[in-house]
Amino acid sequence: MSVFKKFPAAAGVVSLCALLGSATGQEHPGAQRQGDQSIRVQVEMVSLPVVVTTREGRYITDLKKEDFKILEDGIAQEIAGFATVNEPISVALALDTSGSTEDQLKRIQGEAIRFVNLLRPDDSVAIISFADHVRLLEHFNLEHKKNPGVIRETRPGGLTALYEAVWLALQDVLEPEYGRKALVLFSDGVDNHSESVSKEETLELALRTEATIYCVYFDTEGDQDKRDPALIMRVVEPERLQFPPIPVPGLPGSRGRRRPEFYLGHEYMMTLAAYSGGVLFDASKMRDLGPAFRKVAQELSSQYSIGYYPRNRTHDGRFRRVEVRVNRPGLIARSKKGYFAVPER
């Protein structure tokens, strides 16, 4: 499937047409009444995926709307929308099937199928593979039926159009979906074939998207070097992130024998996940894939969705920092760090 590139809408921001005469009888912020006429107004709801854990990393899945507090640029916001961890989720699974994975494709397929089967029956899954080209093998369907068998149709070989795969998954596959949604990306992070989308554009899109990005990093070079396995869940601390997005820095000479493109690939995937409020699972060897995919499935089943209408209604196109807090002691909330306000048209 070819990639159709277009400029994305503001990330984490949902445009709603509010009608004053709705069944709820409630008026959205900024709505106006003129005589007996209902006037349509555009209201922007910021949607945040949130995962809550103890300091030891245990997931907390029984919280209510009243347990959360949201700050935008330090100002408290009123929570308007809340979805529990039991709500269905739409998952786009993007698999790198380029030449570097050729020897291990059957293992990759097997673990990916097991991952899909770990999701709940009412969750939806779209399957994407990418090498020289990005292919949408299975789209979401109205019956929410999962078809993990289509993963067996992936074929190895060629270069890696990673950035185009990220763009297709976020903008064309997930963006039209409602409710909770996530991208699960399996790759070594090295792109050598994207022509229509840049790394920086995908990072900015990661800030704009409502989907959470979970990256499963497989070190193809490390696996060939027969290094010791290490499955590590990497969460980028807020102070490491710079906004607006900047090119991912290289770390030359800091990781032994690994070539610079692999430093960059690892950093790219870690930053991509962090910008969306997700995490990177570092599976240095193929046998780490099973635990990594199981951990992702656990994350997906522990994710809340929280929405609010910003008190700051200026359309200046600027980045706004967002912080999610939990009103219970000892708990940590993880979400995206902010969003870009919709610019004035």
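In this text, residue positions in the sequence shown follow the numbering used here: the first is 2, and each later residue adds one.
Virtual Cβ for every residue (Gly too), placed ideally from N, Cα, C.
Would you mind giving the Cβ-Cβ distance between residue i and residue j, rounded to the nearest angstrom? I have them listed as a contact below 8 Å.
| i | j | result |
| --- | --- | --- |
| E73 | N328 | That belief does not hold up - the Cβ atoms of E73 and N328 are roughly 17 Å apart, past 8 Å. |
| L138 | V325 | No, L138 and V325 are not in contact; Cβ-Cβ is about 34 Å, not under 8 Å. |
| A359 | A93 | A question about residue 359 goes unanswered here, because the residues of the chain that appear run from 2 up to 346. |
| G278 | R335 | 6 Å |
| D195 | F141 | The question names Asp, but residue 195 in the sequence shown is Ser. So it is not a contact: roughly 24 Å between Cβ atoms. |
| L119 | T155 | Contact flag wrong, Cβ pair sits at about 19 Å. |
| R112 | F294 | Strictly speaking, residue 112 in this sequence is Glu, with Arg absent from that position. With 8 Å as the limit, E112 and F294 qualify as a contact, their Cβ atoms being about 5 Å apart. |
| A298 | R319 | Incorrect: roughly 36 Å between the Cβ atoms, too far for contact. |
| Y305 | V51 | 5 Å |
| S302 | R115 | That belief does not hold up - the Cβ atoms of S302 and R115 are roughly 15 Å apart, past 8 Å. |
| V53 | I333 | 7 Å |
| V185 | Y215 | 5 Å |
| S188 | L163 | 6 Å |
| A153 | Q110 | Here residue 153 turns out to be Arg, not Ala, going by the sequence shown. Confirmed, about 6 Å. |
| S125 | P89 | 7 Å |
| T203 | L273 | 7 Å |
Please classify residue i as buried or exposed, where buried requires at least 16 other C-beta atoms within 10 Å of its C-beta.
| i | result |
| --- | --- |
| Y309 | buried |
| S197 | exposed |
| G331 | exposed |
| E57 | exposed |
| G158 | exposed |
| D63 | exposed |
| K337 | buried |
| K65 | exposed |
| D123 | exposed |
| H316 | exposed |
| T55 | exposed |
| E45 | buried |
| E345 | exposed |
| A183 | buried |
| A84 | buried |
| K107 | exposed |
| I76 | exposed |
| G180 | exposed |
| E211 | buried |
| R136 | buried |
| P311 | buried |
| M271 | buried |
| G190 | buried |
| G266 | buried |
| E300 | buried |
| G150 | exposed |
Starting from residue i and walking both ways along the alpha helix (DSSP H), at which residues does that stretch end?
| i | result |
| --- | --- |
| Q110 | 106–119 |
| Y340 | Unbroken run through Y340 is the beta strand (DSSP E), 339–341; no alpha helix (DSSP H). |
| L204 | 200–209 |
Residue range of the beta strand (DSSP E) that residue i falls in?
| i | result |
| --- | --- |
| T213 | 213–219 |
| L72 | 69–73 |
Practice problem: Counting only runs of 4+ residues fully inside the stretch 251–333, write out the alpha helix (DSSP H) ranges in chain order. | Solution: 261–277, 290–301
Quiz item: Below 8 Å, can you find three or more Cβ-Cβ pairs linking the stretch 60–72 to the stretch 91–106?
Solution: no
Exercise. Could you tell me whether the stretch 155–168 touches the stretch 281–296, using the rule of 3 or more Cβ pairs below 8 Å?
Key: No: fewer than three Cβ pairs fall under 8 Å.
Exercise. Determine contact between the stretch 135–155 and the stretch 205–217, defined as no fewer than three beta-carbon pairs at a distance below 8 Å.
Key: no
Quiz item: Where are the beta strand (DSSP E) runs, 3 residues long or more, that stay fully inside the stretch 75–108, in chain order?
Solution: 76–78, 80–84, 90–97
Quiz prompt | Segments assigned alpha helix (DSSP H), at least 4 residues, entirely inside the stretch 122–180 | solution = Fully enclosed alpha helix (DSSP H) runs of 4 or longer: 163–168.
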